[in-house]
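Q:
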Amino acid sequence: MNLAIINARWNSKRFPNKLMQPLYQERPALDLFLERGTKAAALDEFVLATQDDPGNETMWRIAAQHKVPVWKSKLPKLPTGAEDVLGRTKEVAEAFHANTIVRLTPDCPCLHSELIHRVVIQYFMNRNGLGYTSNCWYKGLPRGMEVECFSREALEVAWEQTGGPKPGHIPWRARLRLSAEVRGMLRNTVYFDREHVTTFIRRYPRRFGHADLPPVTGFRTDVAGKGIQLSEAFPECRLTLDYHVDLEVLCAVFAELYPAKPDFTLMDIRGLWDSKPELFAANSHIEQKG
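For the sequence shown, our numbering begins at 306 and goes up steadily by one.
(1) What separation, rounded to the nearest whole angstrom, lies between the Cα atoms of Ala368 and Gly468?
(2) State the beta-bridge partners of Leu308 as determined by DSSP.
(3) Looking at the unbroken alpha helix (DSSP H) that takes in His417, where does it start and where does it end?
(4) Count the other CB atoms, across all protein chains shown, that sit within 10 Å of the CB of His549; report buried if there are 16 or more and exposed otherwise.
(5) In terms of DSSP beta bridges, what is Val375 paired with?
(6) Alpha carbon to alpha carbon, what distance is there between Asn493 and Arg507?
(7) Note the first and the last residue of the continuous alpha helix (DSSP H) segment covering Asp573.
(8) May I have the straight-line CA-CA distance separating Thr343 from Phe351, to the nearest angstrom?
(9) Let's test the definition: count the other Cβ atoms within 10 Å of the Cβ of Glu362 and tell me whether it reaches 16, buried, or not, exposed.
(10) DSSP three-state label for Thr363, please.
(11) Please say whether Phe585 and Arg543 have beta carbons closer to each other than 9 Å?
(12) Exposed or buried, what is Asn312 when buried is set at 16 or more other beta-carbons lying within 10 Å of its beta-carbon?
(13) Kindly indicate which residue of Ile591, Phe401, Ala334, Arg457 has the alpha-carbon position closest to the one of Met364.
(14) Check whether the Cβ atoms of Thr355 and Tyr437 lie closer than 9 Å to each other.
(15) Using a Cβ cut-off of 9 Å (strictly closer), state whether Val352 contacts chain C.
(16) Taking only three categories from DSSP, how would you classify Trp477?
(17) With DSSP run on the structure shown, which of helix, strand or coil describes Thr503?
The following block contains the structure:
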């Protein structure tokens, strides 16, 4: 099974309850994300993965409207206070008997099914090692279009290497050889990996056989009938939802593109970027911190 796992939470530190913010005609970001993303032909199932927290109930209802199963994890939080998202992802993969996992983040509502499909197909065409393909390594794409595809084996290795059922656990033989300072640094790295799912996999490209999906180039016709070359590579554009100013940009994008083409693509956004750059100005000063 090719399974898309969408990890979500209501209590984001940067922008609490951001997935419930209305993007277009009072429709929340999560609602529009699921409508657009679940059309990816290469995927067999989508799952919304959350903690078993009543604060997530509104998200559960939206998932039910799209007939997307919900996983309510009871895993304890990490010592840092963050959620064990890697552990939760492994739970979902096991419960749904997934062979291939696609990691999607719902704070990227402009992500579209065609791009998801391309990454999955690239994974099966170029798989080597344990198997990991993404469009994240190529830094030319706008922030907010990230898709990662990896094998169940890769997920299990990452989980085991970060402590398995005991996140941050260091075998006693290793503890004897490491100073307290080094042990503390190692645990912090492990906790980071457990929170961010694929950072361990991305740290070892040879072991996991990384493959990357490059951006595509296309053409559009201007008002004079002249063909203009377009590329998906315009990294200055920011299409993720982390701050209130991001919401302003995303609302403008959906207002311009969604009415005529609900399944608008990255190339459509590129055309809007070229024709109305002022719509993207509100968050242009933000430097992503992770």
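Where is the CB? At the ideal position from N, CA and C, for every residue including glycine.
Keep in mind that this is a model prediction, so the values were computed, not measured.
A: In short:
(1) Going from the Cα of Ala368 to the Cα of Gly468 covers about 31 Å.
(2) According to DSSP, which records beta bridges pairwise, Leu308 is partnered with Glu350, Ile406.
(3) Unbroken run through His417: none, as it is neither H nor E.
(4) Exposed, by the Cβ-count rule.
(5) Note: Val375 sits in a beta bridge opposite Leu353.
(6) Near 17 Å, if we compare the C-alpha coordinates of Asn493 and Arg507.
(7) Counting along the chain, the alpha helix (DSSP H) containing Asp573 begins and ends at 571–580.
(8) Taking C-alpha positions only, Thr343 is separated from Phe351 by approximately 7 Å.
(9) Around the beta-carbon of Glu362, fewer than 16 other beta-carbon atoms lie within 10 Å, marking it exposed.
(10) If DSSP states are grouped into helix, strand and coil, Thr363 belongs with the helices.
(11) Going by C-beta atoms, Arg543 is nearer than 9 Å to Phe585.
(12) It is buried - the Cβ of Asn312 has at least 16 other Cβ atoms within 10 Å.
(13) Nearest option by C-alpha distance: Ala334.
(14) Not a contact, by the Cβ cut-off of 9 Å.
(15) Structure shown: chain C not included; a single protein chain is present.
(16) Bear in mind that a pLDDT of 41 at Trp477, under 50, signals an unreliable position, so the number given afterwards is only what the model happens to contain. Here Trp477 sits in helix by DSSP.
(17) Coil.
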